[in-house]
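Participant: Numbering (the UniProt record's numbering), first residue to last: 1 to 601. Every residue, glycine too, gets a C-beta built ideally from N, C-alpha and C. These numbers were taken from a predicted model, which means no experiment stands behind them. The structure's right below; bear with me while I get my questions together.
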């Protein structure tokens, strides 16, 4: 589940605009394009897209097991692949938007693809021949007929269409909204207007997740898949319709050069110049006029050869390289270096994302437990993930409103927990969450056996499902620490020109985590069911040993914490205050960190 939150009620935003952005039209009293009038359409587009896509995810394990006769391992692996694609494609979407289409067209095409994806998924529920014959894999005791190649193709096509849609909408929506305001306006209102926009944006995204995990899940549980998947189709239609309705009102930014090409240039030129000697003095390097990077650093020194000036003919009179594939700037080299340096710490967040992506097992646990909070009120099994969202939100409020002011008062100076420290704390809480998950599952399984439910996985154990709430809360706190800490770390440590890369790195880590989670799950299933034994991750939750699987993840997370400490020590100190501020003197505007955490889709 991917969440988007702000790190502070003051709305910390960072580097949404860079000096390289094309100037926007000056805001007049009667503005023809852009402004607050476009905000409801942009915000509604992403908020409704998240309701539609998040709404079909929580119960998808049940849908695959009941309607497609999949085992829990196969179903979870399919969801891992889907989540990986959904988290990876925004990186491609950002590249396409910045290099070819622009943000408006990328969001537009993304909305269409998401709409088509929800339609195809709804058709799998509407058309009986689009899925295998009805068969309950858990209780029938017979071999159920598997889906045909055509049926699998239709199902996976729906997933891919929604992933492509998310890849177009999610990396562009926030920045496209920010582009609707004139960053050069000097009337003093721009900062307040932007803060209002960001607050509404993140509030809408959070509300959309809550609606998806409660309202849509309720429809699926009580009115069936046809209605439960049909409502997201209607929602996604309105998401696309509202976005295109305001087309004449949008400011559409120009396409800019992409960073990926700049990185490739550095690697290629450094290889070409690998036999070139380093300059005896620091005056032999090529740099942009006015750049803060004049001389390359000594770290990863071999890359410095990409910016060595071999002769005066390599540079034009205006200071620009004659051939960018033969000579790079110091700034280009330092951008690549900064990316390489953060990669080890980036890799430490993968284990946390793996833990957060374990959606099927908590779902099956909740389904087998008493979910009543009163005699008439029962929480849907797929809605327990809402406690993760609540814990994350509550912690952010407590951190910003209580811990920071109290720490500042005690110390007598501004106080904050550093980004690397928060990342480490998040890993620790993730380890605790897996440990507690195993303990609760061990107790639940013993009770199910004592009550004679060993061969009846659909039986309800006399144990309240509210015992699952603490592990969800620990996951929420882990995400609040680690995910937000990661994104602030990338924003503070990477150059301003790499803001798009900073945004995409967390999603890329989540995508990698989904793939690795699938590998771990498949190996656990394969190894533990040898010699005719019951798999730890059996579809029969009472015969399996989910607690051992949780504890394996806890042990891996513990080793990951040690690995994080080594990487943190090797990296050294971070940028002072953990954030870089973008100050535009013309508009007296200061934007700070945007925090967009996310786990799996």
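Nearest to residue 452 by CA position, among 415, 40, 475, 543, is which residue?
Facilitator: Here residue 452 refers to the residue found at position 452 when the chain shown is read from its first residue. For residue 452, the nearest C-alpha among the options comes from 543.
Participant: Below 8 Å on the Cβ atoms is my guess for residue 350 versus residue 516; work out the distance and round it to an integer in Å.
Facilitator: Walking along the chain shown from the start, residue 350 turns up at place 350. Walking along the chain shown from the start, residue 516 turns up at place 516. Confirmed, Cβ separation roughly 7 Å.
Participant: Going by CA-CA distance only, name the one from 149, 207, 97 that's closest to residue 167.
Facilitator: Counting from 1 along the chain shown, the entry for residue 167 is found at position 167. Selected option, being the one with the closest Cα: 97.
Participant: What three-state label does DSSP hand residue 525 in the structure shown?
Facilitator: Here residue 525 corresponds to residue number 525 of the chain shown, with the count starting at 1. Residue state, collapsed to three classes: helix.
Participant: Buried or exposed for residue 318, please, with buried defined as at least 16 other CB atoms from any protein chain shown within 10 angstroms of its CB.
Facilitator: Locating residue 318 in the chain shown gives position 318, where the first residue counts as 1. Exposed.
Participant: Does DSSP classify residue 286 as helix, strand or coil?
Facilitator: If you number the chain shown from 1, residue 286 lands on position 286. DSSP places residue 286 in coil when its eight states are reduced to three.
Participant: Do you know how far the Cα of residue 104 is from the Cα of residue 27?
Facilitator: Within the chain shown, residue 27 is the residue found at index 27, counting from 1. Within the chain shown, residue 104 is the residue found at index 104, counting from 1. Unreliable positioning characterises residue 27 in this predicted model, as indicated by a pLDDT of 38, which lies under 50. The coordinate reading is nonetheless provided below. When rounded, the distance between both Cα atoms is 20 Å.
Participant: Can you tell me which residues form a DSSP beta bridge with residue 321?
Facilitator: By 1-based counting over the chain shown, the position of residue 321 is 321. Its beta-bridge partners are 315.
Participant: Candidates 421, 438, 60, 396: which alpha carbon is nearest residue 217's?
Facilitator: Here residue 217 refers to the residue found at position 217 of the chain shown. Ranking the options by Cα distance to residue 217, first place goes to 60.
Participant: Which residue from 539, 491, 458, 550 puts its Cα closest to that of residue 574?
Facilitator: Sequence index remark: in the chain shown, residue 574 carries index 574 (1-based). Out of 539, 491, 458, 550, 491 has the C-alpha closest to the C-alpha of residue 574.
Participant: Which word fits residue 449, buried or exposed, when buried means at least 16 other C-beta atoms lie within 10 angstroms of its C-beta?
Facilitator: Along the chain shown, read from residue 1 onward, the residue named residue 449 stands at position 449. Looking at its Cβ environment, which holds fewer than 16 other Cβ atoms inside 10 Å, residue 449 is exposed.
Participant: For residue 162 versus residue 215, is the C-beta spacing smaller than 7 Å?
Facilitator: As a working note, residue 162 is residue 162 in the chain shown. As a working note, residue 215 is residue 215 in the chain shown. For residue 162 and residue 215, no; Cβs fall outside 7 Å.
Participant: Does the pairing of the segment 247-256 with the segment 81-91 give three or more beta-carbon distances under 8 Å?
Facilitator: Result no; under three Cβ-Cβ pairs closer than 8 Å.
Participant: With which residues is residue 439 paired in a DSSP beta bridge?
Facilitator: Taking the first residue of the chain shown as position 1, residue 439 is located at position 439. DSSP, once it has assigned bridges, lists no residue as partnering residue 439.
Participant: Output the residue ranges of the alpha helix (DSSP H) runs that lie fully inside the segment 366-392 and measure 4 residues or longer, sorted by chain position.
Facilitator: The qualifying runs do not exist here; there are none.
Participant: Do the segment 108-124 and the segment 164-181 make contact, defined as three or more Cβ pairs closer than 8 Å?
Facilitator: Segments in contact, yes.
Participant: When burial is assigned at 16 or more other CB atoms within 10 Å of the CB, is residue 302 buried or exposed?
Facilitator: Along the chain shown, one-based indexing puts residue 302 at 302. When all chains shown are included, residue 302 counts as exposed.
Participant: Closer than 8 Å is the cut-off here; do at least three beta carbon pairs connect the segment 455-472 with the segment 366-379?
Facilitator: Cβ pair count under 8 Å is three or more, so yes.
Participant: On the premise that residue 285 lies in contact with residue 308, defined as a C-beta separation below 8 Å, what is that separation, rounded to the nearest angstrom?
Facilitator: As a position in the chain shown, residue 308 is number 308, starting the count at 1. As a position in the chain shown, residue 285 is number 285, starting the count at 1. Contact flag correct, Cβ pair sits at about 6 Å.
Participant: Just tell me which of 227, 206, 209, 172 has its CA closest to the CA of residue 122.
Facilitator: Translated into positions along the chain shown, residue 122 becomes position 122. The shortest Cα separation from residue 122 among 227, 206, 209, 172 belongs to 227.
Participant: Check whether the Cβ atoms of residue 242 and residue 41 sit closer than 7 Å, and answer yes or no.
Facilitator: Position 242 of the chain shown, counting from 1, holds the residue named residue 242. Position 41 of the chain shown, counting from 1, holds the residue named residue 41. A contact, by the Cβ cut-off of 7 Å.
Participant: Could you tell me the distance, in whole angstroms, from the CA atom of residue 197 to the CA atom of residue 84?
Facilitator: One-based indexing of the chain shown puts residue 197 at position 197. One-based indexing of the chain shown puts residue 84 at position 84. The straight-line gap from Cα to Cα measures roughly 30 Å.
Participant: Within this structure, are the beta carbons of residue 52 and residue 211 separated by less than 7 Å?
Facilitator: Here residue 52 corresponds to residue number 52 of the chain shown, with the count starting at 1. Here residue 211 corresponds to residue number 211 of the chain shown, with the count starting at 1. It is not a contact, given that the beta carbons lie outside the stated cut-off.
Participant: Spatial neighbours of residue 324 within its chain, please: C-beta separation below 8 Å, excluding the five flanking residues on both sides.
Facilitator: Counting from one through the chain shown, the residue named residue 324 turns up at place 324. Around residue 324: 265.
Participant: In the DSSP assignment, what residue or residues form a beta bridge with residue 330?
Facilitator: Taking the chain shown and counting its residues from 1, one reaches residue 330 at position 330. Residue 330 is not bridged to any residue.
Participant: Check each candidate in 329, 273, 566 and name the one with the smallest Cα separation from residue 294.
Facilitator: The residue you call residue 294 lines up with position 294 of the chain shown. Nearest option by C-alpha distance: 329.
Participant: Nearest CA to the CA of residue 478: which residue from 551, 396, 416?
Facilitator: To locate residue 478, count along the chain shown from 1; it is residue 478. Nearest option by C-alpha distance: 396.
Participant: Would the segment 385-394 and the segment 545-555 be scored as touching if the rule is three or more Cβ pairs under 8 Å?
Facilitator: No, because fewer than three Cβ pairs between the segment 385-394 and the segment 545-555 fall closer than 8 Å, the two stretches do not touch.
Participant: Report yes if the C-beta distance between residue 482 and residue 434 is below 7 Å; otherwise report no.
Facilitator: Here residue 482 is taken as the residue at index 482 of the chain shown, counted from 1. Here residue 434 is taken as the residue at index 434 of the chain shown, counted from 1. No.
Participant: Take the Cβ of residue 412 as the centre, count every other Cβ of all protein chains shown within 10 Å, and call the residue buried at 16 or more, exposed below.
Facilitator: Position 412 of the chain shown, counting from 1, holds the residue named residue 412. Exposed, by the Cβ-count rule.
Participant: Rounded to the nearest angstrom, what separates residue 374 and residue 145 at their Cα positions?
Facilitator: Position 374 of the chain shown, counting from 1, holds the residue named residue 374. Position 145 of the chain shown, counting from 1, holds the residue named residue 145. Rounded to whole angstroms, residue 374 to residue 145 spans 39 Å at the Cα level.
Participant: Straight-line CA distance for residue 404 to residue 415?
Facilitator: Position 404 of the chain shown, counted from the first residue, corresponds to residue 404. Position 415 of the chain shown, counted from the first residue, corresponds to residue 415. Taking the straight line from one Cα to the other gives about 6 Å.
Participant: Please list, in chain order, all residues of the same chain as residue 504 whose beta carbon is under 6 Å from its beta carbon, the five residues on each side excluded.
Facilitator: Sequence index remark: in the chain shown, residue 504 carries index 504 (1-based). For residue 504, where only same-chain residues beyond five positions count, the Cβ hits under 6 Å are 91, 94.
Participant: To the nearest angstrom, how far is it from the Cα of residue 557 to the Cα of residue 279?
Facilitator: What you label residue 557 is simply residue 557 of the chain shown in a count that begins at 1. What you label residue 279 is simply residue 279 of the chain shown in a count that begins at 1. Rounded to the nearest angstrom, the two C-alpha atoms are 46 Å apart.
Participant: What's the call for residue 133, buried or exposed, on a 16-neighbour Cβ count within 10 Å?
Facilitator: In the chain shown, counting from the first residue as 1, residue 133 sits at position 133. Exposed: under 16 other Cβ atoms inside 10 Å.
Participant: Which of the three DSSP states, helix, strand or coil, is assigned to residue 504?
Facilitator: As a first step, residue 504 must be located in the chain shown, where it is residue number 504. Residue 504 falls in the helix class under three-state DSSP.
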